[in-house]
Each structure stands twice: as structure tokens, then as C-alpha cells.
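Novice:
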Amino acid sequence: MQPSPEQSPHHAYPDHWEADVVLRDGGTARIRPITTDDADRLVSFYEQVSDESKYYRFFAPYPRLSAKDVHRFTHHDYVDRVGLAVTVGGEFIATVRFDRINAQGRPASAPADEAEVAFLVQDAHQGRGVASTLLEHIAAVARERGIRRFAAEVLPANNKMIKVFRDAGYTQQRSFEDGSVHLTLDLEPTAESLAVQRAREQRAEARSVQRLLAPGSVAVIGAGRTPGGVGRTVLRNLLGAGFTGRTYAVNSAFAADQATIDGVPAHRSLGEIGEPVDLAVVAVPADRVPEAVADCGEHGVQGLVVLSAGYAEWGAEGRERQRELVRQARSYGMRIIGPNAFGIINNSEAVRLNASLAPERPASGRIGLFTQSGAIGIALLSGLYRRGAGLSTFISAGNRADISGNDFLQYWYEDPDTDVALLYLESLGNPRKFTRLARRTAAVKPVVVVKGARHSGSTPPGHAVPVSRIPDATVSALMRQAGVIRVDTVTEMVDAGLLLADQPLPAGGRVAILGNSESLGLLTYDACLAERLRPRPPVDLTTAATPQDFRDALAEALADDGCDAVVVTAIPWVGENGEAETGDGEVLATALHAAAATGPAKPVAVVHVEIGGLAEALAAATSTVAQQRPATASPAIGVPGRPAGRPATAPAAPAPDKAADGDKAADDPAPDAPRTVGRIPAYPAAERAVRALAEAVRYAQWRRQAAVPGKVPEFLDDTIDEPAAAALIDTLLGRDPDPRGRPLEHDEARELLACYGITVRPTLPAPGPEEAVAAAARLGYPVALKTTAPHLRHRADLGGVRLDLDGEAALRRAYGELTELLGKPAELRPVVQSMAPRGVDTVVRATIDPAAGAVLSFGLAGAPSELLGDTAHRLVPATDRDAAELIRSIRAAPVLFGWRGSAPVDTAALEELLLRVSRLVDDHPEVVSIALEPVVVATHGLTVLGASVRLSPPPARTDLGPRRLSNY
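Okay, so the sequence shown: first residue is 0 according to numbering that gives the first Met the number 0, each after it adds one.
1. Taking all protein chains shown into account, decide if residue 158 is buried (16 or more other Cβ within 10 angstroms of its Cβ) or exposed.
2. Classify residue 335 as helix, strand or coil using the three-state DSSP reduction.
3. Return yes when the Cβ of residue 352 is within less than 9 Å of the Cβ of residue 422, no when it is not.
4. On the three-state DSSP scale, how would you describe residue 161?
5. Straight-line CA distance for residue 350 to residue 512?
6. List the endpoints of the continuous alpha helix (DSSP H) containing residue 785.
7. Which whole runs of the beta strand (DSSP E) in the region 166-224 are 3 residues long or more, in chain order?
8. For the alpha helix (DSSP H) that contains residue 746, what are its first and last residues?
9. Please determine if the region 402-415 and the region 429-438 are in contact, where contact requires at least 3 C-beta pairs separated by less than 8 Å.
10. Report yes if the C-beta distance between residue 570 and residue 608 is below 9 Å; otherwise report no.
11. Please name the residue, chosen from 29, 152 and 541, that lies closest to residue 334 on a Cα-to-Cα basis.
12. Do you know offhand how far residue 213's Cα is from residue 529's?
13. Less than 9 Å separating the beta-carbons of residue 361 and residue 498?
14. Using a 10 Å radius around the Cβ and a threshold of 16 neighbouring Cβ atoms, would you call residue 178 buried or exposed?
15. May I have the straight-line CA-CA distance separating residue 13 from residue 723, to the nearest angstrom?
16. For residue 603, which residues from the same chain have a beta carbon less than 6 Å from its beta carbon, with the 5 sequence-adjacent residues on both sides left out?
17. Exposed or buried, which one is residue 487 when buried takes at least 16 other CB atoms within 10 Å?
18. Taking a contact to mean a Cβ-Cβ separation below 9 Å, would you say residue 379 touches residue 492 in this structure?
19. By Cβ distance, which residues of its chain are closer than 7 Å to residue 78, with the 5 residues on each side in sequence left out?
20. Which residue marks the beginning of the beta strand (DSSP E) containing residue 852, and which one marks its end?
21. Got a sec, what are the start and stop residues for the alpha helix (DSSP H) residue 553 sits in?
22. Run through DSSP, which three-state label would residue 607 get?
23. Mind the definition here: the region 187-203 touches the region 324-331 only if three or more C-beta pairs lie below 8 Å; say whether that holds.
24. Report the rounded CA-to-CA distance for residue 411 versus residue 18, giving the unit in angstroms.
25. Pick out whichever of 540, 906 and 704 has its Cα sitting closest to the Cα of residue 935.
26. Please find out if some non-hydrogen atom of the ligand SAM comes closer than 8 Å to the beta-carbon of residue 743.
27. Would the beta-carbon of residue 291 fall within 9 Å of that of residue 308?
28. Do residue 84 and residue 31 have their CB atoms nearer than 9 Å?
29. Report all residues from its chain with a CB closer than 6 Å to the CB of residue 908; omit the five preceding and five following residues, and keep chain order.
30. In three-state terms, what does DSSP make of residue 585?
31. Mark residue 175 as exposed unless 16 or more other C-beta atoms lie within 10 angstroms of its C-beta, in which case mark it buried.
32. Using DSSP bridges, identify the partner residues of residue 367.
33. Apart from the five residues on each side of it in sequence, which residues of its chain come closer than 8 Å, Cβ to Cβ, to residue 127?
34. Does the beta-carbon distance from residue 261 to residue 224 come in below 9 Å?
35. In angstroms with no decimal places, state the Cα-to-Cα distance between residue 298 and residue 210.
36. Drop a sphere of 10 angstroms on the beta-carbon of residue 720, count the other beta-carbons inside from all chains shown, and report buried for 16 or more, exposed for fewer.
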């Protein structure tokens, strides 16, 4: 909403303060600045507030607002006097206002940094978290305007408002003065205030998803009068799934005397229903959707599933139609799945919802599935059905203009019915938030992701998302840092999901292989080595093995303390007449289930070739049995998402840290403890089974490490001068910085890096041979002569570097060769630098991506590493563990640790350098890129030979601001 001409002209309307938010009950609302046009809305709002709430606000009976009050509360300068309103359906439901004051409590202007704040929330909307959300936003506004503290006077009986301030997490002081509670809040965000904000965000967004997945009533808008069509199909699927709530068919074309359709009440509009409707499935042409949304909003519908197409996937006009759809729905407090969605499914027996185009509700299970593609959703449902897997929930979000995978991560995090989250994503609307939510969720249950549209510029047309410049390899590395299991295909996602949903996590990478085919066992062995697992020699049971032989061999392998997982390979038995016997699958499955039930909890996977009925029998649900567990049993984190041996009722705590593969847990269940035996996943190829197992091994290792998070060493604080760096950055950027930023000169970069204990070896310009000789005399021999021209920089392979020049004659000769070979000095920009101790040349970089945030990167210097993409990445801020993993995760890492008899280099110094670079970009968002190249790491210490730094005005950090929904 833009201000009227009467609004103060010297302060523009701050439209960036507008925000859509999710409230505690899952409904949405809009927060925006109050303008002079809001007088009537303010009066109407105040009339609906109870006398008690008015008394709490004004400390006296105050039945109505005077004209002077209305003028004061609607005229703001957006600097010293600011008012925000929360609106639903265009009407106010709450307001907040601050007025800047001086030390005596009188109205003031900057540089006064304190303000008096007051809230008023309609009684009908109290308890929805409105005031808490408003406090986050008004505090952010105040900080932007230079206000550092809020002062508030609250009556002692106003417990709700006192609790809002008390629970916000800000540093505060309280005193009792003149019959009221005086509160002072320091508005600088704290670790506690950020934790409170994110916990509230999780509860609110999870609740908004729950309202969609567990409605008490559903209306299908656009259910056709004749069989067929999208709306009628969804209605049929709702009925076929046995939805436990009320169902209605809505179509304005129904005849006035038509009472039912397919046995459910038929109505021409929602208003005719006469009862609350929680969820509406919209299946009408795009041009009629606004009318349907308005009807839903006016009759209190809580959420929408919009199946209609014709939105952003159709170009610019459709994209604007999609934005308007989101604005309209949110204005009524509703959230949207879609548009262009395939639908949603909730398999809970208490709900049994199939509001999708899937003809059959899949079997119940422990997997949650989110997809942005209807076609991929159909394929995944079919694949899971064939493999005997069950789902807890399924969502195909289409263009996901509102609700996205982030919202479902919030929901699945504490959903007791979901143990594994599978997501097919074609775009990441908020990568920073996705990484944060995925890390938290992965700490209690696996998150498996397939990322479609991985290549630059290939974002699906229906997805209007911020553009990220980071390559897909970096995205993959950041996902793995967050504990996400990143796979390449939907087949691999199903393979991994089956293993993770029903098998315990492995304690390490030691794999036993047994079966009745030597060849299949060897293929499995090779696959394990390819995945960096540690397979034991395959046990060949021979083709004469019986199901009892399989049972005995599996029981023995599971009981072996030197084994963390088992892969069983099986081929059909060959009868006496030479024909394959394929009908014994159920017998073999029974034997394998029996062995798994009585042995220690370790993951088991089966690779089979054309054994009829085996996969189906292995996927069959099994009962709880008594667990015979030896005292020396190998540990297991348990079935992901719930402890081994217990039903899933809440997110499991992260597993205790294990120092190495094969370490034993101290809290194994006692012998004979009941344990639910999960389905045993079956695979048609050894490579697929082993790849799924390898993902489980890597994830389990991440879980163990995540249980004890890394830290930033305290010794860094003693050698870092953050204030000096901040002052230098302010000076270098100037009062009116170029929004495009500026690269630092060599000496400027050295000075800034020195504030963080990073020493860059100096270089001296050598525009001619005489200057080169003088520079060498100043630095001391031996020296290096290098070109710094952009096309030759860091390209020793092109001959632009001469090393170990031990005297004037050698230097002059090298200078002449360089200019004769590559060009004139003015083109080459030669410099002289003293030689560093020999070592391994590496590269350390940090960049700021507007979507993903700050990324720290490491690799070896040189063309081979660059060509092969052998670079590792971590999000900033990096911990000591991140730094250690960073240098060990590149494929060329052995070069740093004594490869082929060479001396190991000082990796501890390298880790410290990475931490210092991470700290610099984290402390100062104006530092948008750093490149240290080369960094020569010797056996003792390291030398930074080159550095480039770029500064820019700090980008907005939406992930640290108040809660708000994405607005694409």
C-alpha cells in the first residue's frame, strides 16, 4: 500500500517493511506500515477491541479514539514515529507503534537511540502469536532507524504482553514504577532471540502444513457434472481413499435441485454449504480461480490445493497471475499448494486423505515424499508401490508459489509418522533456509534429495526464484555439509529411501557379503570398493544352499563384531532337471527375516536375480519379535527417525559420537528386548544396493559427528582485530559506495587481511629491468619474477613465472626472456617477490552468493584441479571440523599427507588459515570475495603469495531478519 500525498514527503514509504507471515496457528497475515489512508480501518479495528484490552493499552478507560488520536496514529515519518499493522482480508487485527525518546522520555530525533513501544491486538486474534511476530518486525525496523532499545510500560495484570517481551530472547531489564512494569529491551539480536525466532517459525510453518494435510472437511471446487475431468477425478479419489472428514462438491454450474454427486453433497458455492470448510481443492480454469479464492477466503477456508494450470509456466502474463493468486490467498490468511499441482496425500489412518490425481492411495509407511513435478511424482509413486514401500505423506507442489519443500521439512522434522524425507527439487527458492532446515532435520531423520534442472539457466519456467551463481558441484557439497543425502536420479532416491526407512543405520563401512552365486558376490565386492566401503571377502554358499543355509549365514554375519552391514546375494535354485526354480522367494524371505529378527540391529540388503516373489515377501510388514542380542553386539543408531526397538513417537536425539568405524555403543538394548523387524529392501543389481548402503554409511557418520558440533578455536580471538578491519572497510568503501563494489589494491588487501592474522608476502612492481633489480635488492635474493596480467595471472604453465633467481644476472636474464616470450612490460605487469619455502601450492577462496550465502572453498592450485573440478566447499561460518574436512575431501588430498614418499605438509596451519578467512567474511559482509592464490603449504607453516579482495555494500541478509514468507 502506497501513502497518500499527505504522507510526510521527506521519508518515502518503506515498502520493504511489508511482509507476509505465518502465525502460530498456521494461518497467514500481512504486516505493513500504517499510512494516512488507514484512518477508517483504524477506527473499525479499535471498535472491535474489548474494553479490557483498551484499558491495558491506555492505562485508563478509553472507549473510542478521538480525531486527534486517529491523526496521530496514522501520520508517521517512518524514522522517529513508526506504526505497523497486521492485516487479514485487508482489515487490521493488530497494531504496534514506536516513538523515539530521549533520556528524559521526551519525543526526540536521532541520535537518540531509544523508543517507547506499544501494542494492541484484537481479542479474537490474541493467542495466535500476533504480538510476538510484530515485535520481531518492529524491532528490525527500529534497528534500521538507529534505535537500539525499546522501553515499554505494562500494567502488572497484562500478563500476556509481559510474556511477549519476556519470551522474545532479547537482553532486558524490568522494574516496577508508579504502578506499572517498566521494561527495557536491548534490540541487538542474541543467540537466544534467534533461537526463539526460529523455533516459532518451525512451529508456525509446520502447523500451516498440518492444516492442509489433516483437514476436517474438503471441498472440491470444479467437480464436473459428468464423470471425468480433473475435479471429478479428485472427488473420486477422496472417496476411494476413505477420507475420514466431510467432503463437498462445488460447481456454479450445478442445477439448483442437484443435491448430491457421487454420493456427496453438491453445492453451487461455498456459502451454500453452511458449515466450515478447512481445505479447498481448486480445479477450475485459471481465469475463474480468483473468484473461487475469494469465495474460499470469505467463508474461512484454511488452505488451498490449486490444480489449475496457466500460471508462471506460461510466461510473463502467467507469472503475474501467479503472484496475484498468492497475494489474494495470503490476504485471507490461506496458504497454497500449487498452482499446477498434482495434489496431496496423507496416509494417516485418522485422515486417509487423497486429494490428488493419483488413482490409488499408496500403502501406509514411514516415508514422506515431496516433489515439484507431477510427472516425477507419478513415477515415484509407481516405483515405491512396485517395491512394496509405504508413504506417510505425499505432496506434488507444481509451481510451489507458496508452500515449498522448506515448509515440509519444518513439518516432517517433528512428524512422528515420518522417518525418512524424500524430495525431488527443481529449484531452491531460499537456499540458506533450506540448508539450515535440512541440517536440523537430518540430525533426527534422513533427508534424501534429487535436484533436477541442475545446470545454469535451466530453472523450470513455473519457478520464479532468486538466481544463484554457484555451480551445481558447490550446491551438492553444501547439501552434504548439512547432512543431506544428495543422489542423482529418482531411482537412486527410491533405493536409498527403502533402505533408510526400514533398516537401522550402520555403525561403519565394514560389509559382509554372502550368497549362492560367486559371480554376484564378486560384483557386490567390487561395488563396495568403488563406493569406498570396506567389504569382507564374499562367502559363497554355493548354488546348493537352502533357505536355512541363508538364515544361518546371515545370523552368523550379523553376530560378527567385525561387520556393520550385510548384503545378501541370491540367484534362483537349479533343480535336478536343470530348470531354474523361481518360486521359493517367500521361503527365502521368511528365513532372512528370521535371521534379521534374532540378530543384532544391522542393515541388511538383498541383491537378487529373478527369484519370484522374493522382493514382495521381503517388503511385507513384519511383527515385533523378541530380540536375541549378544552382549558384544554391534551398535546401531536405529531405524532413522526413531531409536532401534521403539515405535516412532518423536524425533530421536542425535546419536552419540563414534570415533571410528566399528566403535561400540554403551547403551545397547538388553537381550530379549522387543524389536520391530523392518522390511528388507531388495535390489535387482549389486551396484544399486551398494550405492544405497554407502549413502547410509556416510549419513550415519555425519549423524555421529553432528552430535558433537565443531567450534571456532578461541586462540583466533587473540590475533584478530575486528574493529580495525571494520574501520578500514568503511574507509575503503567511502561514504557513497559504488553498489557494484570495488577490488582492493595489493597493499589495501594486505592491510585488511593482516587485521585477521593473514600475512601476504609483499610484491614490488617491476616495470623495467632496473626496477626489478632494485626490488630484488630490497627484498633479498633469491626472488621470483611473475607476471600479473589478467590473462597470465596464476598460469605458471604459460611461462609467466621465473623462480629461484639467486642474483642480479639471473634476474636480468629472466626479465629479458619473459618480455621476449610474452610481450612488453606494460602488458605483462611484472612484479618481484621473495621466494617462499617449497611446498604444495593450494588455493583458498571465499565468495558471497546472494542466494546461498558465504561459501568457503579449497583446492590445489593449477590447471588439473581446475579442469577436474577438484574443489571442496563449506558454508561460512566454518568450524574446526569443517576446516579439517575441507582439506581432506578433495580427491588430491593425499598430496598433502605424504603421497609417494613426500613429506606431509603443515595441514594444521592450513586449517587455521581457512578459519581466519571464514571469520573475516562472516564478521564483515562487505567482503564479498577473497582469493588467496597460491598458498604454499610447507612442512612447517605456509606462505600466502597472492591475494585479491573485493568489497561491496553488504547484501541484505533475509535469513537473519524477522520471519517472513518468500515473495517471488
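Beta carbons: idealized from backbone N, C-alpha and C, even for Gly.
Specialist: This is what the structure gives:
1. By the neighbour-count criterion, in which 16 or more other beta carbons inside 10 Å mark a residue as buried, residue 158 falls on the exposed side.
2. It is a strand residue.
3. Residue 422 is not a Cβ neighbour of residue 352, given a cutoff of 9 Å.
4. helix
5. 42 Å
6. DSSP places residue 785 outside any alpha helix (DSSP H); the residue lies instead in the beta strand (DSSP E), whose first and last residues are 782-786.
7. Segments of the beta strand (DSSP E) lying fully in the region 166-224: 170-176, 179-185 and 216-220.
8. 745-753
9. yes
10. yes
11. 29
12. A straight line joining the alpha-carbon of residue 213 with that of residue 529 spans about 44 Å.
13. no
14. exposed
15. 33 Å
16. 565, 595 and 679
17. In summary, residue 487 is exposed, with fewer than 16 beta-carbon neighbours lying within 10 Å of its beta-carbon over all protein chains present.
18. yes
19. 10 and 144
20. 852-859
21. 546-558
22. strand
23. Taking a contact to require three or more Cβ pairs closer than 8 Å, the region 187-203 and the region 324-331 do not qualify as touching.
24. 25 Å
25. 906
26. As for the ligand SAM, it is missing from this structure, which has no ligand bound.
27. no
28. yes
29. 940 and 941
30. helix
31. exposed
32. 392 and 420
33. 22, 23, 24 and 26
34. With a cutoff of 9 Å on beta-carbon distance, residue 261 and residue 224 are scored as not near each other.
35. 16 Å
36. exposed
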